[in-house]
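Order-wise, the sequence lines are chains A and B. Position in the first sequence (first residue = 1) + 9 = our numbering. Position in the second sequence (first residue = 1) + 9 = our numbering. All C-beta atoms in this analysis are idealised placements derived from N, C-alpha and C, irrespective of residue type, glycine included. Computed from a predicted model, the values in this text were never measured in an experiment.
2 protein chains.
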Amino acid sequence: MDEKKGRGSIKLKEPVYILNSASIVGKKEGEGPLGLLFDMVGEDDLFGCETWEEAESNLQKDAVYMAMEKAGVKPEDISFIFAGDLLGQSIATSFGISCYQIPLLGVYGACSTCGESLTLGAMSIAGGFADKVVCVTSSHFASAEKEFRYPLEYGNQRPLSATWTVTGSGAFVLAREREKQARAVITGLTVGKIVDYGLKDSMNMGACMAPSAASTLERHFIDYESQPEDYDKIITGDLGSVGQTVLIDLMREKGYDISQVHMDCGIEIFDADSQDTHAGGSGCGCSAVTLSAFILKQLEENNWKKVLFMPTGALLSKTSFNEGKSVPGIAHALVLEHV
Amino acid sequence: MDEKKGRGSIKLKEPVYILNSASIVGKKEGEGPLGLLFDMVGEDDLFGCETWEEAESNLQKDAVYMAMEKAGVKPEDISFIFAGDLLGQSIATSFGISCYQIPLLGVYGACSTCGESLTLGAMSIAGGFADKVVCVTSSHFASAEKEFRYPLEYGNQRPLSATWTVTGSGAFVLAREREKQARAVITGLTVGKIVDYGLKDSMNMGACMAPSAASTLERHFIDYESQPEDYDKIITGDLGSVGQTVLIDLMREKGYDISQVHMDCGIEIFDADSQDTHAGGSGCGCSAVTLSAFILKQLEENNWKKVLFMPTGALLSKTSFNEGKSVPGIAHALVLEHV
Numbered sequence: 010m011d012e013k014k015g016r017g018s019i020k021l022k023e024p025v026y027i028l029n030s031a032s033i034v035g036k037k038e039g040e041g042p043l044g045l046l047f048d049m050v051g052e053d054d055l056f057g058c059e060t061w062e063e064a065e066s067n068l069q070k071d072a073v074y075m076a077m078e079k080a081g082v083k084p085e086d087i088s089f090i091f092a093g094d095l096l097g098q099s100i101a102t103s104f105g106i107s108c109y110q111i112p113l114l115g116v117y118g119a120c121s122t123c124g125e126s127l128t129l130g131a132m133s134i135a136g137g138f139a140d141k142v143v144c145v146t147s148s149h150f151a152s153a154e155k156e157f158r159y160p161l162e163y164g165n166q167r168p169l170s171a172t173w174t175v176t177g178s179g180a181f182v183l184a185r186e187r188e189k190q191a192r193a194v195i196t197g198l199t200v201g202k203i204v205d206y207g208l209k210d211s212m213n214m215g216a217c218m219a220p221s222a223a224s225t226l227e228r229h230f231i232d233y234e235s236q237p238e239d240y241d242k243i244i245t246g247d248l249g250s251v252g253q254t255v256l257i258d259l260m261r262e263k264g265y266d267i268s269q270v271h272m273d274c275g276i277e278i279f280d281a282d283s284q285d286t287h288a289g290g291s292g293c294g295c296s297a298v299t300l301s302a303f304i305l306k307q308l309e310e311n312n313w314k315k316v317l318f319m320p321t322g323a324l325l326s327k328t329s330f331n332e333g334k335s336v337p338g339i340a341h342a343l344v345l346e347h348v
Numbered sequence: 010m011d012e013k014k015g016r017g018s019i020k021l022k023e024p025v026y027i028l029n030s031a032s033i034v035g036k037k038e039g040e041g042p043l044g045l046l047f048d049m050v051g052e053d054d055l056f057g058c059e060t061w062e063e064a065e066s067n068l069q070k071d072a073v074y075m076a077m078e079k080a081g082v083k084p085e086d087i088s089f090i091f092a093g094d095l096l097g098q099s100i101a102t103s104f105g106i107s108c109y110q111i112p113l114l115g116v117y118g119a120c121s122t123c124g125e126s127l128t129l130g131a132m133s134i135a136g137g138f139a140d141k142v143v144c145v146t147s148s149h150f151a152s153a154e155k156e157f158r159y160p161l162e163y164g165n166q167r168p169l170s171a172t173w174t175v176t177g178s179g180a181f182v183l184a185r186e187r188e189k190q191a192r193a194v195i196t197g198l199t200v201g202k203i204v205d206y207g208l209k210d211s212m213n214m215g216a217c218m219a220p221s222a223a224s225t226l227e228r229h230f231i232d233y234e235s236q237p238e239d240y241d242k243i244i245t246g247d248l249g250s251v252g253q254t255v256l257i258d259l260m261r262e263k264g265y266d267i268s269q270v271h272m273d274c275g276i277e278i279f280d281a282d283s284q285d286t287h288a289g290g291s292g293c294g295c296s297a298v299t300l301s302a303f304i305l306k307q308l309e310e311n312n313w314k315k316v317l318f319m320p321t322g323a324l325l326s327k328t329s330f331n332e333g334k335s336v337p338g339i340a341h342a343l344v345l346e347h348v
């Protein structure tokens with residue numbers, strides 16, 4: 010790799026605090042290994058709404074409300090909201106968060122959106138343009154299947170390499186000042202590039218995204234002159250079990266052994282044996298709710314001092330898939346530390 | 010309106026330069042009133058590609074190439090690219106700009122995306138995170154009709170309130186330093202909020218978006234303690250003739266007369282009488298190419314000293330439309346000045 014050092018990586022001179030956060034998930038996620046850690050678990054995945062899309066909008070709305078409530082802030086304290094989701098034209102966001110009347114900067118990075126929204130949120134604060142911002146993303150199993158594969162009613166079968174889109178939303182309140190306490194602190198960023206190995210299998214997104222994770226990770230190590238051992242965990246968003254193997258292999262080829270410190274939110278969120286989720290969980294919501302419920306908890310409790318949080322996204326649409334295009338990936342990394 | 014002053018508005022301490030830019034459009038746009046000003050006009054709207062989506066990707070690719078070429082910079086000089094489009098999951102961007110291998114922050118703001126990408130690009134430079142960035146957006150008549158209404162092959166009819174999606178892409182190189190010369194300078198930003206008056210007519214997007222333009226404009230005037238007369242032009246993205254009337258009326262109700270200074274890119278780009286485009290042009294590409302080819306030229310030539318550039322977006326998808334949802338709007342404003 011012939012990378013110009015420092016391009017796309019930012020070491021924040023003044024760290025940005027994750028003041029508080031919230032996670033809301035669906036029934037299946039509530040039954041998984043992290044079930045007890047989420048702030049709220051829905052009884053059924055319509056969350057009292059009439060459509061899957063409306064349900065996903067409500068997830069964002071409630072996650073933002075809860076995160077602000079836990080952080081002790083009101084919508085008028087928030088300068089910007091950085092938000093996005095997987096649905097075409099980000100409609101979960103458009104119909105979910107409009108009630109708060111916070112200036113919106115919509116983002117799209119497929120399942121890496123949680124990383125992108127936190128990146129831009131941190132930049133807006135560190136750059137001096139805001140004191141507090143909110144970052145939120147969501148995904149929903151049923152709206153995503155309809156958007157990318159087939160409506161649930163078709164009862165299509167899924168190969169073992171397929172992942173299961175997480176129903177959930179994670180929201181984060183970022184701030185310049187620490188205030189009483191904060192859950193963690195963002196100290197560095199590495200923005201991802203589009204990486205396309207030409208893979209075309211939308212039922213094996215982990216393999217499609219692993220090269221982008223490897224690219225961002227290598228660039229991060231070079232820019233920060235760091236090694237895998239410098240992090241308690243290196244956490245990808247939703248590579249799943251297939252993608253994890255590919256990433257570890259790719260990194261080994263680049264001279265890094267991450268096998269001891271790698272963790273994937275998609276692998277953690279479901280029990281592969283009992284929950285029939287095949288390669289693991291996926292979706293913007295997967296990394297967002299795992300960050301809020303599990304990763305920040307470990308940093309808070311000082312079980313981990315420093316982690317690299319790197320959500321991964323597969324940049325396809327049903328149109329690009331139907332037109333025979335490949336599935337490029339992107340991954341944005343953030344250094345999160347114990348306060 | 011009970012707006013907390015300053016929230017969402019940013020006065021840049023150090024202005025950000027628009028070093029150079031490029032515009033590429035389709036055949037119909039080339040035949041319009043601004044036709045001679047565009048950098049490149051396609052002979053047919055497939056631009057040598059096999060699908061409309063691929064054609065749109067190519068528009069972004071070529072616009073970015075040309076903007077960098079005109080600015081005398083290479084991809085490795087660019088820290089970030091802020092890019093987006095109207096297609097589901099922003100595939101015009103994903104397949105258009107990957108070749109440059111510039112760290113990507115994907116944005117979505119419907120037809121306001123040009124404003125959003127310039128806003129975030131300016132913030133990344135003014136915040137000290139980049140020396141140079143590229144901002145690019147696109148739209149394509151045929152891919153947009155397929156995405157939002159009907160495939161062209163259906164030959165559906167369009168009411169007079171409908172707009173015509175512009176086939177085109179505009180790319181901009183922003184920089185901290187002025188270097189030899191710059192086309193204009195960004196001195197201020199007002200980030201938009203989602204505004205939803207409950208309108209549901211996707212064939213009258215101008216009326217759907219006008220309330221969001223009025224909201225951002227009023228907030229801008231309050232935050233900047235400015236008046237319509239302080240700007241040589243107040244320029245919306247793609248309200249078209251119907252939306253223009255609504256915006257002027259709404260602003261009058263708020264106590265501002267913008268009728269003398271208002272201009273809309275959608276009205277300028279086509280000749281309504283001879284080009285059968287009904288209410289005017291629309292799409293992310295509309296404001297982007299008009300900014301690059303026409304507005305920046307006026308600022309460069311000192312015909313205008315200061316303008317407010319405010320692309321407008323309609324936050325719908327075909328799913329939200331089919332589920333009976335309204336069409337909320339958003340508008341992001343930038344103060345652009347003669348260098």
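is_contact[residue i, chain A] using C-beta, thresh 7 Å
{"i": "B/LYS83", "result": "no"}
{"i": "B/LYS202", "result": "yes"}
{"i": "B/LEU226", "result": "no"}
{"i": "B/ILE33", "result": "no"}
{"i": "B/MET10", "result": "Its pLDDT being 30, under 50, B/MET10 is placed unreliably by the model, and the measurement read from it follows with that caveat. So no, B/MET10 is outside the interface."}
{"i": "B/LYS13", "result": "The predicted model places B/LYS13 with a pLDDT of 44, which falls under 50 and marks its position as unreliable, so this point remains unresolved."}
{"i": "B/LEU324", "result": "yes"}
{"i": "B/GLY41", "result": "no"}
{"i": "B/MET132", "result": "yes"}
{"i": "B/ILE276", "result": "no"}
{"i": "B/ASP205", "result": "yes"}
{"i": "B/GLY17", "result": "yes"}
{"i": "B/THR60", "result": "yes"}
{"i": "B/ILE195", "result": "no"}
Sequence-distant residues of its chain with Cβ nearer than 7 Å to residue i (five each side left out)
{"i": "A/GLY292", "result": "LEU95, CYS120, SER148, ALA153, THR174, VAL175, ASP247"}
{"i": "A/LEU46", "result": "ALA302, PHE303, LYS306"}
{"i": "B/GLY130", "result": "PHE91, VAL142, CYS144, LEU183"}
{"i": "A/LYS79", "result": "ASN29, ALA31"}
8 Å Cβ shell around residue i - same chain, five flanking residues per side excluded
{"i": "B/ASN165", "result": "ARG158, TYR159"}
{"i": "B/THR128", "result": "LEU198, VAL200, HIS341, LEU343"}
{"i": "B/LYS22", "result": "ALA135"}
For residue i, the residue or residues it bridges with in DSSP
{"i": "A/ALA323", "result": "A/GLY338"}
{"i": "B/CYS120", "result": "B/GLY118"}
{"i": "A/LEU343", "result": "A/LEU198, A/PHE318"}
{"i": "B/LEU183", "result": "B/ILE27, B/VAL142"}
{"i": "B/THR245", "result": "B/ASP273, B/MET319"}
{"i": "B/ILE90", "result": "B/LEU113, B/VAL143"}
{"i": "A/THR174", "result": "A/SER291"}
{"i": "A/VAL50", "result": "A/VAL34"}
Top-ranked residue by Cα proximity to residue i, from the options
{"i": "B/MET260", "options": "B/ILE243, B/SER335, B/TYR233, B/THR128", "result": "B/ILE243"}
{"i": "A/PRO237", "options": "A/ILE195, A/GLY41, A/THR321, A/SER268", "result": "A/SER268"}
{"i": "B/CYS112", "options": "B/GLY124, B/ALA101, B/ILE100, B/ALA139", "result": "The question names Cys, but residue 112 of chain B is Pro in the sequence shown. Comparing Cα-Cα distances from B/PRO112 to each of B/GLY124, B/ALA101, B/ILE100, B/ALA139, the minimum goes to B/ALA139."}
{"i": "A/GLU63", "options": "B/ASP48, B/THR146, B/LEU208, B/THR328", "result": "B/THR328"}
{"i": "B/ILE339", "options": "B/LEU226, B/CYS274, B/ASN311, B/GLU310", "result": "B/LEU226"}
Span of the alpha helix (DSSP H), counted from its first residue to its last, around residue i
{"i": "A/TYR74", "result": "61–80"}
{"i": "B/ALA288", "result": "Element bounds for B/ALA288: n/a, residue is neither H nor E."}
{"i": "B/LYS189", "result": "Unbroken run through B/LYS189: none, as it is neither H nor E."}
{"i": "B/GLU309", "result": "305–309"}
Residue-chain proximity (residue i, chain B), Cβ-Cβ < 7 Å
{"i": "A/LEU113", "result": "yes"}
{"i": "A/PHE138", "result": "yes"}
{"i": "A/TYR117", "result": "yes"}
Span of the beta strand (DSSP E) around residue i
{"i": "B/VAL25", "result": "18–34"}
{"i": "A/SER147", "result": "141–148"}
{"i": "A/ASP232", "result": "Run containing A/ASP232: none in the beta strand (DSSP E); it sits in the alpha helix (DSSP H), 214–232."}
{"i": "A/GLY101", "result": "The sequence given here places Ala at residue 101 of chain A; Gly does not occur at that position. From DSSP, A/ALA101 is part of no beta strand (DSSP E) but of the alpha helix (DSSP H) over 100–105."}
Neighbourhood of residue i by C-beta distance below 6 Å, restricted to the same chain and skipping five residues each side
{"i": "B/ASP11", "result": "Bear in mind that a pLDDT of 35 at B/ASP11, under 50, signals an unreliable position, so the model cannot answer this."}
{"i": "A/TYR109", "result": "PRO84"}
{"i": "B/TRP61", "result": "HIS149, ALA151, SER152"}
{"i": "A/HIS271", "result": "ILE243"}
Any non-hydrogen atom of the ligand FMN closer than 6 Å to residue i Cβ
{"i": "B/CYS144", "result": "Absence of the ligand FMN from the depicted structure is noted, as is the absence of any ligand whatsoever, leaving it without description."}
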